[in-house]
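Going down the list, the sequences are from chains A, B and C. Add 4 to a position in the first sequence, counting from 1, and you land on the number used in my numbering. Add 3 to a position in the second sequence, counting from 1, and you land on the number used in my numbering. Add 577 to a position in the third sequence, counting from 1, and you land on the number used in my numbering. Here the structure is laid out as structure tokens; the discussion comes afterwards.
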Amino acid sequence: MTAATTTHGGSRTPGFFDALAPGGARALFFLSVTAVLFLFAFPVFWLVLTSLKPGWEVFYVHRSTEFTWGNYVDVLQEEIVLNAFINSFVIATAATILSLAVTVSSGYMLSRFRGPIANTWFGTIYLFRCIPYISWVLPLYFVTQWLGIFDSYLGLLLPHIAVHICFFSWIMKGFFDGIDPSMEHAALIDGCTRWGAFRRVALPSAIPGIAALAILCWLWTWNEFLFALILTSHNTPMITVVMAQFVHELGTEWNLMSATAVMTMGPALIITIFGQKYVIKGLRI
Amino acid sequence: MAEVVLSNVNKRYGAVHAVKDVNLTVNDEEFVALVGPSGCGKSTTLRMVAGLEAISGGTISIGGRVVNDLPPKDRDLAMVFQNYALYQHMTVYDNLAFGLRNRKVPEGTIGKEVDRAAGILGITDLLKRKPRQLSGGQQQRVALGRCIVRHPKVFLFDEPLSNLDANLRANMRVELKQLRERVPTTSIYVTHDQVEAMTLGDRVVVMRDGWVQQVGTPLEIYNEPRNLFVAGFMGSPPTNFIDVTVAESDGKLYAEAKNFRVRIPQNRDAALRPYVGRPVTLGIRPEHIVLGEPAPELEAGFDGGINVTEQLGSELLVGITAAGTEIMVSRIDPQQGLTLHESVRLSLNPTHLHFFDRDSEEAIV
Amino acid sequence: MLLLVGPAAAVLVLFQIVPILIGMNASFRSWALYDPTKTWVGLKHYIYVLSDPVFMTVVLPNTFLLMFLSVAISLVFGLALAHLLNRDFLGQRIVQTIVLLPLMVAPVIVSTMIRWMFNDQFGIVAVVWEGLGFEPMAWLAERWPSFSIILFTDVWIWTPWFTIILLAGLKSLPREPYEAAAIDAAGRWRVFTHITLPMLRPVMLVCIVIRSIDAFRTFDQVWVISAGGPARGTEVFSVYAYIEAFQNLNFGRGSAAAVVGGVIIMVVGLLMYRVLNRLMEVSR
Chain A
5 MTAATTTHGG
15 SRTPGFFDAL
25 APGGARALFF
35 LSVTAVLFLF
45 AFPVFWLVLT
55 SLKPGWEVFY
65 VHRSTEFTWG
75 NYVDVLQEEI
85 VLNAFINSFV
95 IATAATILSL
105 AVTVSSGYML
115 SRFRGPIANT
125 WFGTIYLFRC
135 IPYISWVLPL
145 YFVTQWLGIF
155 DSYLGLLLPH
165 IAVHICFFSW
175 IMKGFFDGID
185 PSMEHAALID
195 GCTRWGAFRR
205 VALPSAIPGI
215 AALAILCWLW
225 TWNEFLFALI
235 LTSHNTPMIT
245 VVMAQFVHEL
255 GTEWNLMSAT
265 AVMTMGPALI
275 ITIFGQKYVI
285 KGLRI
Chain B
4 MAEVVLSNVN
14 KRYGAVHAVK
24 DVNLTVNDEE
34 FVALVGPSGC
44 GKSTTLRMVA
54 GLEAISGGTI
64 SIGGRVVNDL
74 PPKDRDLAMV
84 FQNYALYQHM
94 TVYDNLAFGL
104 RNRKVPEGTI
114 GKEVDRAAGI
124 LGITDLLKRK
134 PRQLSGGQQQ
144 RVALGRCIVR
154 HPKVFLFDEP
164 LSNLDANLRA
174 NMRVELKQLR
184 ERVPTTSIYV
194 THDQVEAMTL
204 GDRVVVMRDG
214 WVQQVGTPLE
224 IYNEPRNLFV
234 AGFMGSPPTN
244 FIDVTVAESD
254 GKLYAEAKNF
264 RVRIPQNRDA
274 ALRPYVGRPV
284 TLGIRPEHIV
294 LGEPAPELEA
304 GFDGGINVTE
314 QLGSELLVGI
324 TAAGTEIMVS
334 RIDPQQGLTL
344 HESVRLSLNP
354 THLHFFDRDS
364 EEAIV
Chain C
578 MLLLVGPAAA
588 VLVLFQIVPI
598 LIGMNASFRS
608 WALYDPTKTW
618 VGLKHYIYVL
628 SDPVFMTVVL
638 PNTFLLMFLS
648 VAISLVFGLA
658 LAHLLNRDFL
668 GQRIVQTIVL
678 LPLMVAPVIV
688 STMIRWMFND
698 QFGIVAVVWE
708 GLGFEPMAWL
718 AERWPSFSII
728 LFTDVWIWTP
738 WFTIILLAGL
748 KSLPREPYEA
758 AAIDAAGRWR
768 VFTHITLPML
778 RPVMLVCIVI
788 RSIDAFRTFD
798 QVWVISAGGP
808 ARGTEVFSVY
818 AYIEAFQNLN
828 FGRGSAAAVV
838 GGVIIMVVGL
848 LMYRVLNRLM
858 EVSR
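What follows is the structure, given as structure tokens:
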């Protein structure tokens, strides 16, 4: 049967708007939606606006009429900013690719296996998910120095992957839980090894989930701040750290800073507009 | 008076016309069963009566009052859902009391009503439990309790027994009938199970593809089906249909098919004479075919080969190839020794022949 | 099976377990980043941290306050928004995109945006504020206004998370209890409290616990907006540990603070789960 609608109100679960007269309900609804949109969109809009204003106009953003791309040009000519963008991009991409390999198999194991080893893994991951970042990033500062990988790509990649395992194994587990295991049983009867069943049957079915995970993973790494702050110095600037430094040191140059911020926000905007469906998939717990 | 009248009721979902011109009067305290295959519009019709679906066309009135624009809570009815729809986190007592509390009935009265309903349904011991601690049958009784506690004008049932296993379903059917004795109320009962419809309904409404096919008492529907669909849908095992041609010989009419020639009784002459030379569909129920040679003047015998036998213990069901098609014969003595592929002589009971126009599928009367 | 987990386990051991052990080890030593010797000092750092008035009277309360308020406000708004979005209307796609935005942008960026908006001379908020006739307010110069901005930022970022998850939850609720309630003459509010909330309880609980544990370790927003100021008034636990380790260069103390915080949040997380489970039972 096709989906039913209630006679009064159009929502599937009765909302409090239905108590009002139809005209009043619609008005209140649109008002609320508009208010919410405004609240969420305005800061972004304001930032973009500020980034398009030349330096002296920044103080009267709401009143000025000049627009310029100059800020973007200036900012991109700063070597540190350019480097930071490149580094962040490389790290995010590399970390995603490497993490996926490990997280997917970890998630598969959490989903399909029981028994002492699986339970220990489960507990370990859960535990480390709860530990505050600061608690392990402080000593990581030393670990990376001892290993000689401080302030380098490797020094950032490996810790990120470690965090990814803890966070994203859950999401992968969720996806694998949603795939019927009887297909894999059929494959086993048909002569596959456990690994073969995973590779040939489970993995292809999980591709939408893996895509969602990849997007979330990439974005999370790109946006990450604390690790970048502590584990890098002059050699490997990361864009989030550079941003924060702008705020504290170049406090009066809001136009330049907002241009940098908008560019940093770029991937997020693109992904939100085009990859929405994947993001929402990945956010379900 | 709690009469429910549906007048030219229609329901459209965009381009889909789910319920088409339903006209039905449910008399006061009458129990009407709506039956039909999935997607025939029976549930939609019920939900329009309940107020859970908007009515696209026509009117529905309860107790003489048109209720098209009234919300469900103002229509003075109660409903039992297929999935029970109990409030999971409330006790059974609170489930029963919920509707009364929302209507600001004083707690003392609520207590009495709940006790009364629980007594009738035998769930007094369960009042303090939560739904998830109850079995399917118990949950359904609580759902029934929710109905009777408010003394509404109309009861609506949406396939309430479909989630129960076969034995429980049979028991609940009996309990429903007993409930009807104690609390006679105008009722509309939707089901896809024709056994439930036949056993429970004072009258049965057969629906298909949004149209009402036939309205009548169970026996009327069974013995005088108005079209091919009703004949085939009601009754188990289903009616046998044979493609025959009407032929005339010596002023007598015969139904003819491959290796099949049966005399059409005189009282059907007038109806079938216009069909001489044309194909029609013959319908005969499995219990109206017997093994053996009929009385010669009936000319109602034919041969067939046995395909399959199904032993039920109480009777034998035999599938036979005859007249160019497969026929089911029932109520054969379970001790009867029959072998596969054996050729047997059969005869049909000529007073129970049904004829249907090949194109319109309407019964020829 | 071990093959599946082997590489992951190796990375995990090296980059999580080992550092944590080092951290705990460090917390018991006099370990300054400028001082090569790491002499064992026992619980000296822990005593320092736990008796540090700033930690006990400012940092911990701040952290808990931020955690409770942020989660509570985001939950309420998230639930309301989820209800709002639970119907089909024109432009739903656009609304959904905008609602997703705060989650996708880096917290550092969000904090920057909001800090710019609240700039006491040129920020848009100041302009509107004074335009409405109020006295100019130095938002970041006082403790509670600063805290409020940080709280606002956190709520801004995380309300959408609640919204998306609760919306999915709402959409998956069965239809029949609502229909039964419609026949039972239940008013809108009663339907919400007696039917929607109890059915959403499991989802809400998980959200609350996860989000609370995350809120406790907030760093980015606080660091960018106020750096823990003014005068350490908005410092939260992770900022405290960071400052001790990398500004005061006392690695041992920073580690001790980090361990203390870690233990607290694990205990609190467990307690919260139990309490909330009990609290959310509604029978009437």
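All residues carry an ideal CB built from backbone N, CA and C; glycine is no exception.
Who are residue i's beta bridge partners in DSSP?
| i | result |
| --- | --- |
| Q673/C | Q673/C pairs with nothing; no bridge assigned. |
| Y819/C | Beta-bridge pairing links Y819/C to no other residue. |
| D246/B | T284/B |
| L80/B | V157/B |
| S10/B | T62/B |
| H357/B | G286/B |
| A274/B | Looking at the DSSP assignment, A274/B forms no beta bridge with any residue, so it has no partner. |
| A325/B | T328/B |
| S2/B | A question about residue 2/B goes unanswered here, because the residues of chain B that appear run from 4 up to 368. |
So the beta strand (DSSP E) residue i belongs to, where does it begin and stop?
| i | result |
| --- | --- |
| R204/A | That residue, R204/A, is in no beta strand (DSSP E); it is neither H nor E in DSSP. |
| N26/B | V19 to V29 |
| Y257/B | K255 to A260 |
| R266/B | F263 to R266 |
| R313/B | Reading off the sequence shown, one finds Glu at residue 313/B, where the question assumed Arg. G304 to Q314 is the span of the beta strand (DSSP E), which, as asked, contains E313/B. |
| D791/C | No beta strand (DSSP E) contains D791/C, which is instead part of the alpha helix (DSSP H) from L774 to F793. |
| V590/C | Element bounds for V590/C: n/a, residue is neither H nor E. |
| L231/B | Where L231/B is concerned, there is no enclosing beta strand (DSSP E), although the alpha helix (DSSP H) it sits in stretches over L231 to F236. |
| A88/B | Taken as a continuous stretch (DSSP letters only), A88/B belongs to no beta strand (DSSP E), as it is neither H nor E. |
| L56/A | Note, L56/A: premise wrong, no beta strand (DSSP E); not H, not E. |
If you follow the alpha helix (DSSP H) that residue i is in, where does it begin and where does it stop?
| i | result |
| --- | --- |
| D731/C | R720 to K748 |
| N105/B | V95 to N105 |
| N75/A | G74 to Q81 |
| T811/C | First-last for T811/C: undefined, no H or E at that position. |
| A121/B | E110 to L124 |
Following a CB-centred definition, is residue i positioned closer than 6 Å to any heavy atom of the ligand ADP?
| i | result |
| --- | --- |
| A763/C | For the structure depicted, the ligand ADP is absent and the ligand set is empty, with no information on it obtainable. |
So, is the C-beta of residue i closer than 7 Å to a C-beta in chain D?
| i | result |
| --- | --- |
| S36/A | In the structure shown, chain D cannot be found, because the protein chains are A, B and C. |
Three CB pairs or more closer than 8 Å across the segment 83-100 of chain A and the segment 211-225 of chain A: As far as the Cβ criterion goes, the segment 83-100 of chain A touches the segment 211-225 of chain A, which means the pair count is three or higher.
Continuous alpha helix (DSSP H) assignments of at least 4 residues falling wholly in the segment 606-657 of chain C: Segments of the alpha helix (DSSP H) lying fully in the segment 606-657 of chain C: 621-628.
Residues, ordered as in the chain, of the segment 256-282 of chain A that lie near chain C by beta-carbon distance below 8 Å: Hits within the stretch, in order: W258, M261, S262, A265, T268, M269, A272, L273, I275, T276, I277 and Q280.
Meets three-Cβ-pair contact criterion under 8 Å: the segment 763-783 of chain C and the segment 685-702 of chain C: By the Cβ rule, the segment 763-783 of chain C does not count as touching the segment 685-702 of chain C, because fewer than three pairs are nearer than 8 Å.
Against chain B: residues of the segment 758-770 of chain C by CB proximity under 9 Å: Those residues of the segment 758-770 of chain C that come within reach of chain B (Cβ to Cβ, closer than 9 Å) are A758, A759, I760, D761, A762, A763, G764 and R767.
Cβ-based contacts, 9 Å cut-off: residues of the segment 219-249 of chain A near chain C: Under the 9 Å Cβ criterion, the segment 219-249 of chain A contributes L223, W226, N227, E228, F229, L230, L233, I234, I243, T244, V245, M247 and A248.
Contact list for the segment 91-118 of chain B against chain C, Cβ threshold 8 Å: Only Q91, H92, M93, T94, D97, F101, G102, N105 and R106 from the segment 91-118 of chain B bring a Cβ to less than 8 Å from some Cβ of chain C.
Short-range partners of chain A found in the segment 769-797 of chain C, where Cβ spacing is below 9 Å: From the segment 769-797 of chain C, only F769, I772, T773, V780, V783, C784, I787, I790, F793, R794, F796 and D797 have a Cβ closer than 9 Å to chain A.
Touch test, the segment 172-187 of chain B against the segment 105-119 of chain B, Cβ-Cβ under 8 Å, three pairs minimum: Counting Cβ pairs under 8 Å, fewer than three are found: no touch.
Residues from the segment 38-54 of chain A in contact with chain C, defined by Cβ distance under 9 Å: Listed by position, the residues of the segment 38-54 of chain A near chain C (Cβ gap below 9 Å) are V40, L41, L43, F44, A45, F46, P47, V48, W50, L51 and T54.
Members of the segment 198-218 of chain B that neighbour chain C once the beta carbon cut-off is set at 8 Å: The segment 198-218 of chain B vs chain C, Cβ under 8 Å: nothing.
Residues from the segment 135-159 of chain A in contact with chain C, defined by Cβ distance under 7 Å: For the segment 135-159 of chain A, the set of positions with a beta-carbon nearer than 7 Å to some beta-carbon of chain C reads I135, P136, Y137, I138, S139, W140, L142, P143, L144, F146 and V147 in chain order.
Those runs of the alpha helix (DSSP H) which lie wholly inside the segment 98-137 of chain A and span at least 4 residues: The DSSP assignment places complete alpha helix (DSSP H) segments of no fewer than 4 residues inside the segment 98-137 of chain A at 120-134, in order along the chain.
Unbroken stretches of the beta strand (DSSP E), 3 residues or longer, contained in the segment 153-215 of chain B: Scanning the segment 153-215 of chain B for uninterrupted beta strand (DSSP E) segments of 3 residues or longer gives 157-161, 189-194 and 206-211, listed from N- to C-terminal end.
Every unbroken alpha helix (DSSP H) within the segment 164-203 of chain A, with a cutoff of 4 residues, ordered by chain: Considered as a whole, the segment 164-203 of chain A harbours 186-193 and 198-201 as its complete alpha helix (DSSP H) runs of no fewer than 4 residues, in chain order.
Completely contained beta strand (DSSP E) runs for the segment 330-354 of chain B, where each covers 3 or more residues: Taking only runs of at least 3 residues, the beta strand (DSSP E) segments lying wholly in the segment 330-354 of chain B are 346-351.
Selection of the segment 131-143 of chain B by Cβ proximity to chain C, strictly under 7 Å: The residues in question: there are none.
Alpha helix (DSSP H) runs contained entirely in the segment 204-265 of chain A, provided each spans 4 or more residues: Here the runs fully enclosed are 211-227, 230-235 and 243-253.
Segment contact, 8 Å Cβ cut-off, at least three pairs: the segment 672-690 of chain C with the segment 727-739 of chain C: Judged by Cβ distances under 8 Å, the segment 672-690 of chain C makes contact with the segment 727-739 of chain C, as three or more pairs qualify.
Validate contact between the segment 159-179 of chain A and the segment 133-148 of chain A using beta carbons, cut 8 Å, 3 pairs: Yes, the segment 159-179 of chain A is in contact with the segment 133-148 of chain A.
The segment 185-199 of chain A in contact with the segment 255-264 of chain A per 3-pair CB rule at 8 Å: Short answer: they don't touch.
Residues of the segment 584-605 of chain C whose Cβ lies closer than 7 Å to any Cβ of chain A, in chain order: Taking 7 Å as the upper bound on Cβ-Cβ separation, chain A lies near residues P584, A585, V588, L589, F592, Q593, V595, P596, I597, I599, G600 and A603 of the segment 584-605 of chain C.
Inter-stretch contact (C-beta, 8 Å, three-pair minimum) for the segment 124-144 of chain B and the segment 157-169 of chain B: Three or more beta-carbon pairs drawn from the segment 124-144 of chain B and the segment 157-169 of chain B are found closer than 8 Å, and the two stretches are therefore classed as touching.
Stretch pair the segment 333-351 of chain B + the segment 309-316 of chain B: three plus CB contacts closer than 8 Å: Yes, they touch.
The segment 98-106 of chain B touching the segment 755-774 of chain C, judged by at least three CB pairs closer than 8 Å: Of all C-beta pairs linking the segment 98-106 of chain B to the segment 755-774 of chain C, three or more are shorter than 8 Å, placing the two stretches in contact.
Contact residues within the segment 723-755 of chain C, judged by C-beta distance below 8 Å to chain B: Of all residues in the segment 723-755 of chain C, the ones placed with a Cβ closer than 8 Å to any Cβ belonging to chain B are P751, E753 and P754, in chain order.
Segment contact, 8 Å Cβ cut-off, at least three pairs: the segment 791-802 of chain C with the segment 83-90 of chain B: With the cut-off at 8 Å, the segment 791-802 of chain C and the segment 83-90 of chain B do not touch.
Interface positions of the segment 625-638 of chain C facing chain A (Cβ-Cβ less than 8 Å), listed along the chain: Cβ contacts with chain A come from no residue of the segment 625-638 of chain C.
Where the segment 158-185 of chain A meets chain C: residues whose CB sits under 7 Å from a CB there: Residues passing the 7 Å Cβ filter: L162, P163, I165, A166 and I169.
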